[in-house]
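The structure appears right after this line, and notes come after that.
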Amino acid sequence: MATPRWLDWPVFRQLTGPDRLGRGAAAVSRETESLRPRVATADKVSKSICPYCAVGCGQNVYVQDGRVTHIEGDPDSPVSRGRLCPKGSASLQLTTGSSRRHEVLYRRPYGTEWEPLDLETAMDMVAERVIRTRRENWQEEVDGSRTRRTLGIASLGGATLDNEENYLIKKLFTALGIVQVENQARVCHSSTVAGLGTSFGRGGGTTYLQDLQHSDCIIIEGSNFAEAHPVGFQWVMEAKARGATVIHVDPRFSRTSALADLYVPIRAGTDIAFLGGIINHVLSTGKYFHDYVVNYTNAAMLVHEDFQDTEDLDGLFGGFDREDGTYDVDSWQYEGVRVASAAGKRSVDEPRHPGRDMQSSGHPESHGFGGPALHGEPLRDETLQHPRCVFQVLRRHYARYTPEMVEQVCGIPREKFLRVCEEITSNSGRDRTTAFAYAVGWTQHSVGAQYIRAASILQLLLGNIGRPGGGILALRGHASIQGSSDIPTLFDLLPGYIPMPHAHLHEDLNHFISSDAADKGYWANMRAYVVSLLKAWWGPAATEENDYCFDYLPRLTGGHSTYDTVMAQRDGICRGYFLLGENPAVGSANSRMQRLGMANLDWLVVRDFSLIESATWWQDGPEIETGELRSTEIGTEVFFFPAAAHIEKSGSFTNTNRLLQWKHQAKEPDGEARSDMWFIYHLGRRIRERLAGSTEPMDRPILDLTWDYPLEGTLGDPNAEAVLAEINGWDAEGRPLSGYDDIRDDGSTSCGCWIYCGVYQDGVNQAARRRPHREQNWTGSEWGWAWPQNRRTLYSRASADPEGRPWSERKALVWWDEEAGRWTGHDSIDFIADRPPSYRPAPEARGVEAISGVDPFIMQADGKGWLYTPAGLVDGPLPTHYEPQESPFPNLLYPQQRNPVRLANSREDNRYQPSGDEPGAEVYPYVVTTYRLTEHFTAGGMTRWQPYLAELQPEFFCEVSPELAEERGLEHHGWATIVTARNAIEARVVVTDRMTPLFVQGRTVHQIGMPYHWGPNGYTTGDSANELSSITLDPNAHIQEVKAWTADIRPGRRPRGAALRRYVEDYRRRAGVTETTGTEA
Amino acid sequence: MPTNQFSGPDPHVAASAGHRDAPPRYGFFTDTSVCIGCKACEVACKEWNAIPEDGLELTGMSFDNTGRLGADSWRHVAFVEQRKPLVGPPPDESHRGVDALAAAAQGVTVPEQGGWPAPLVPEQPGRGGDGGSAGDTDLRWLMASDVCKHCTHAACLDVCPTGSLFRTEFGTVVVQEDICNGCGYCVPACPYGVIDQRPDDGRAWKCTLCYDRVGVGMEPACAKACPTDSIQFGELDELRERAAARVEQLHGDGVGSARLYGHDPEDGVGGDGAFFLLLDEPEVYGLPPDPVVTTRDLPRMWAHVGVAAATMLGGLAAMFVGRRS
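Right under this line is the structure:
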């Protein structure tokens, strides 16, 4: 019988129950009574990973009735422990919000509006255009050498996509002969790969986020850690809670600085001077870790007697060819060692255009997994006294980096600098460790790779690599940007950091292997890795007789990075362009040039969530406003394909810990949205169907390609686990390989990416493992799978002394267990597990057998950490301070102003400004640096459209000091125009004490900070900071210099329409900018 | 049950509201010394509770573009830029030129020297109190996530005529939107300026301390998301112990300015269910320095009314009695 209604009357409950005032139990309403959280009724909880930065936070995705009802942190994750930043917390709005497009759009040539187009037709049209453009722009040979490629098509994007998607993109496009395949890794961390790779043998961060909790001191420099990687920052806070000192060195006081124990303001672009100063301090005060340095670094190696340092040549190293603008690196080599061709000329076949040509093909990035090869045995002086030993060379090189010099160059007061030195040195040694964390504040310079090298030298001298709480953490900023470097959608690499073959150097497989493989260490097995990759791609067609189809690989002849591609677009060479989740019209340097490049294309494919700036520039872009372009005169055909979100596809992301984490599909995408896996697979299928029966040799690679994956679901998505299994590889019987030791060079094994070998061990998706962090130690070794071989701390052999004992109990990680005859400890050791510390190889030993028991850097050709890089980098064996391409100051350290071998390309749309003492430098007197905010993400495609994020940072702004505001008459909350030789933009002004004027070379210099997230589209709009930046590249990695340039700032809004270009021209005229400005070597 | 149900300590606040076998009282401890100002709390709250976006306004108040707590902002991160070293004795607390009461009433972030949004221009070249040179920075950037305090004595619910606002079994204060009639009495009653009406439907909205989540053993969305555990959720008694230990630790580390706010059951609202560790005076963060439950004097007022009524009745009676005699 139902309760009488009046019994439910609150007043009755109030009068008869204990809640006489009716403020509690008696007041409960019916709705409150039946209240349940929406997650309680979910049909399923799908495990996923956050799609924003590379911390890789775990997400639980709640699904009810086929709809995603909620997304929040997965408390089991050892990385994130259930937490999410505002972006991760807005994932529900990102994936289910109204800003997402679900229909294909088409813009016909010279059209003014979008038109609807059905997905099938659009796919057929794109397939037809790929085939046509490829045929019309085919290069069978260049300068008499086989290239077998097309420069007519390029693609950009992949760091936001899954590893399996990147794998298929690279595989299909390479088979089509497309070499201009690039992603965000180029513009974010390519110099990391060159810098860390040549120092330690691998291009990934040496440690992982959770291990920061064991640090005694953490130096955050070149990174806005707390803002750009908020959830990873919890591990810095853990360390702090345990008593660690946190130091932030940065041009601006950010939310990271607010939590640091010591904030050190620095002039943007001078970090090598600062780090060099610390190196000098460590060497001159004898505070280096002697036993570590002697045993584990190349300090004792003797350098060739022909070597000339910057001390001898006014800031240049020996071997500089002024005409070519490149170095001949021969004289940088060790005594007694023959250099491998990796870095230069001494290969079996002399390249036709040795210097610039080889340099521009980005070879240093191939040291992402395996340092440069050496042949021969270097001479050593264990006493470190020989004048030509690396240790003494280092000492001489950095002698002039004094505290006074640091003060004059960086603007850091001496006392503050010495306090940093004191903190670092007193927190390093047997019992203590210091960690470095950096990001694009270091990488995005014309000497980017050398910034990272400088930190590597310091950490080696202090004995902090391979040890708990030590290391160098490269903070990656896209969900899988580490993965898109490992399985590279990059022009210069094949999976696992195997270099793309060069037309003139690598005419066949044997040449390719002999010019790059090492004698010693794992890189000696390069042939096995290459052959197994070719088997994975071309299966039965790849045989010993045909060099395993090595000739199917297109060849490089120089640089084909995304910036080279833009120039190729401007020059009419590149005709078709795929944008796969990247927005270069906002995110790349000189964004105006990016759009002008796209305006010169035949066709453009944009795959994204919303109509980003790179999709709509023809309709309402900035050049339409200025009148430089008219929609009706732009012939570019544009296809917009809506993309699937991270929760709508299965696959793996590789985070900043080098950790592969599997995402499970929560639901299929709606409408015409599709995964990039679907897009690439079905594009490849259609192309193959159209070409079936072709007898053209150029079509063999695409027709012979293994392109047969099981399809699933109602949409026919390729099965991602099948792709992962191919990446892992299998033996002749089809059994999954369990690690790269299993890979063979006789064609009996197949492996799509050798450094990921083991991720599908025993036929089990190791990346999908999710043992909660509470049930294992801090390494979290049963959560996901980290390369290499599920090791978390790299080079961990160095955490023990030469005899195999931990350097101290407090810092024990792995140690030699004599009884068991194996290494044991908290982490899986990054070494040969049963190789005793006492092992010394026989003189004739090769490959892995040649790694001695005291060689922690097993991917290096000599087993040692490199203080000095005798090979591998094209701009010097030791980091040297050069001023940025554009700087208000002359180089105080050397007469040589800039990196002499930087890649500068002065064009009408990419002019440079005068620097230092040059006349006209005063026209652009201020230093500019760009950065990220917590609330937004990269070029804004995933945040500016989200109301919950847009309202938190609703407008583009610039940050200036009160002093600069006074100098230029800028008003807080008002508007400012910022101008360079490229463009002018406007921003709201934020006047803040957090921007500090610095005292440099006898005068005050002001810096301007600007987040680079904005563009004209989206829910929050504004000008893009990258309108102002130039294309000036690091020669090792082709990364752009956007963390330090110069500009002028004036109050008020910028000119509109045609007046904008006149304004920029006027500035150029006043500064005397010409074609040759800033181009001197 | 305490003698006065409108002020003073009440260790069994749920029981006082008629909840039999109530679970322990739950609350928030927000340790602002580890806040990184990421605003994950604001977004996680909005996502979970489906709160509308409420305007794209660049406020000019440091990185705070939310401005204040309101019907559509149940968490609000305040940003305060100061020229003070982080470590050191308690800062000078004179706050010249700051109209703290006005600021508190607005619930806004107050810059150290007042006068927002105008920037701070130094009186002389160089930075810091010691006349340091360029490159010297002694800055503090305080960040603090504010929220409904879930007072022990909540005036909002005392004045609510409909029974929409009620005290839950967890000791928290929640608006029942199916009951609220939009009268708005609760808005001026709140001593913190937290509760607010939505212009479109007139109803009052504020933090529920994720009543639905807590009911099934989940932690509130903001605390769950918080990357550095600045927002901690748990049993109030345990949180108070933890907070006291944290203050002691910070003092030991030389952060003399650390102090708790809203933790004291003897304060004007009987202690907050959501309390804070601050690094400066409350008014610097836009918090009232000495909040008092606006219904504190209700019993006394009723007593006066009673006396007056009795006196009047007595007088009337006396008149009748006098006439008879």
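Chains as they are written, first to last, in this note's numbering: chain A, 1 to 1081; chain B, 10001 to 10325.
Beta carbons: idealized from backbone N, C-alpha and C, even for Gly.
These figures come from a predicted structure and were not determined experimentally.
Have a look at the DSSP bridge pairing and note the partners of residue i.
| i | result |
| --- | --- |
| P736 (chain A) | A:W730 |
| M1010 (chain A) | A:T930 |
| K287 (chain A) | In DSSP, K287 (chain A) forms no bridge with anything. |
| T310 (chain A) | Partner(s): none; T310 (chain A) has no beta bridge. |
| F10029 (chain B) | B:Q10232, B:F10275 |
| Q59 (chain A) | A:S48, A:G73 |
| L493 (chain A) | A:P499 |
| K663 (chain A) | A:G651 |
| R846 (chain A) | DSSP, once it has assigned bridges, lists no residue as partnering R846 (chain A). |
| H646 (chain A) | Its beta-bridge partners do not exist; DSSP assigns none. |
| V282 (chain A) | Answer is none; V282 (chain A) lacks a bridge partner. |
| A10144 (chain B) | B:A10078 |
| N910 (chain A) | A:R907 |
Considering only residues of the same chain and omitting the five flanking positions on each side of residue i, which have a CB-CB separation below 6 Å?
| i | result |
| --- | --- |
| I10051 (chain B) | D10072 |
| D1083 (chain A) | What the structure shows of chain A is the stretch from 1 to 1081, and residue 1083 (chain A) is not part of that stretch, so it cannot be assessed. |
| A10189 (chain B) | A10155, C10156, V10159, T10294 |
| P997 (chain A) | S961, E963, T1004, H1006 |
| P710 (chain A) | N719, A722 |
| D10099 (chain B) | Its pLDDT being 49, under 50, D10099 (chain B) is placed unreliably by the model, and the measurement read from it follows with that caveat. Answer for D10099 (chain B): no residue qualifies. |
| S117 (chain A) | The amino acid at residue 117 (chain A) is misidentified as Ser; the sequence shows Leu. Hits under 6 Å: V104, Y106. |
| D10010 (chain B) | P10002, S10016, T10152, G10270 |
Among residues of its own chain, excluding the 5 on either side of residue i, which ones have a beta-carbon nearer than 7 Å to its beta-carbon?
| i | result |
| --- | --- |
| Q10197 (chain B) | A10071, G10182, G10184, V10187, R10203, A10204 |
| K416 (chain A) | V264 |
| R352 (chain A) | Because R352 (chain A) sits at a pLDDT of 35, beneath the cut-off of 50, its placement in the model cannot be relied upon, and the following sentence gives the value as read from the coordinates. Result list for R352 (chain A): D143, H504, in chain order. |
| S838 (chain A) | G853 |
| R400 (chain A) | L893 |
| P10119 (chain B) | Because the pLDDT at P10119 (chain B) is just 36, under 50, the model does not fix this residue reliably, and the value given afterwards should be weighed accordingly. Excluding sequence neighbours, P10119 (chain B) sits near nothing in its chain. |
So residue i and residue j are supposed to be a Cβ contact under 8 Å. How far apart are they, rounded?
| i | j | result |
| --- | --- | --- |
| Y741 (chain A) | R148 (chain A) | Strictly speaking, residue 741 (chain A) in this sequence is Asp, with Tyr absent from that position. Their Cβ separation, rounded to whole angstroms, is 33 Å, which puts D741 (chain A) and R148 (chain A) out of contact at 8 Å. |
| P954 (chain A) | N10065 (chain B) | 6 Å |
| L156 (chain A) | P622 (chain A) | Contact doesn't hold; Cβ gap of about 20 Å is too wide. |
| R1088 (chain A) | A10017 (chain B) | This structure cannot settle anything about residue 1088 (chain A), because the visible part of chain A is limited to 1 through 1081. |
What are the start and end residues of the beta strand (DSSP E) that includes residue i?
| i | result |
| --- | --- |
| T147 (chain A) | 145 to 156 |
| V989 (chain A) | 984 to 991 |
| G1096 (chain A) | In the structure displayed, chain A extends from 1 to 1081; residue 1096 (chain A) sits before or after that span and is not available. |
| C217 (chain A) | 217 to 221 |
| S46 (chain A) | 44 to 49 |
| F578 (chain A) | 576 to 580 |
| L10069 (chain B) | Element bounds for L10069 (chain B): n/a, residue is neither H nor E. |
| Y10261 (chain B) | 10259 to 10261 |
| A1082 (chain A) | An answer regarding residue 1082 (chain A) cannot be provided, because it is not within the stretch 1 to 1081 covered by chain A. |
In the DSSP assignment, find the unbroken alpha helix (DSSP H) run with residue i in it and report its ends.
| i | result |
| --- | --- |
| M526 (chain A) | 526 to 538 |
| G448 (chain A) | 448 to 461 |
| R595 (chain A) | 591 to 598 |
Give me, in chain order, the residues of the same chain whose beta-carbon lies closer than 8 Å to that of residue i; leave out the 5 immediate sequence neighbours on both sides.
| i | result |
| --- | --- |
| A299 (chain A) | V293, L384, C389, V390, F391, L394, L867 |
| Y926 (chain A) | P888, L964, V1005, H1006, Q1007, I1008, T1046, A1047, D1048, I1049 |
### Query
Are the region 10063 to 10078 of chain B and the region 10136 to 10146 of chain B touching, with three or more C-beta to C-beta distances below 8 Å?
Segments in contact, yes.
### Task
Give a yes or no on contact between the region 864 to 874 of chain A and the region 361 to 376 of chain A, applying the rule of three or more CB pairs nearer than 8 Å.
Yes, the region 864 to 874 of chain A touches the region 361 to 376 of chain A.
### contact_flag[the region 745 to 764 of chain A, the region 522 to 532 of chain A] where n(CB pairs < 8 Å) is 3 or more
Flag = yes, the region 745 to 764 of chain A and the region 522 to 532 of chain A touch.
### Message
Measuring CB atoms only, is the region 176 to 183 of chain A touching the region 487 to 495 of chain A, in the sense that at least three cross pairs come out at less than 8 Å?
### Response
Enough Cβ pairs lie closer than 8 Å, so yes.
### Query
Is there contact between the region 208 to 216 of chain A and the region 469 to 476 of chain A, where contact requires at least three CB pairs shorter than 8 Å?
Contact annotation: the region 208 to 216 of chain A touches the region 469 to 476 of chain A, with at least three C-beta pairs closer than 8 Å.
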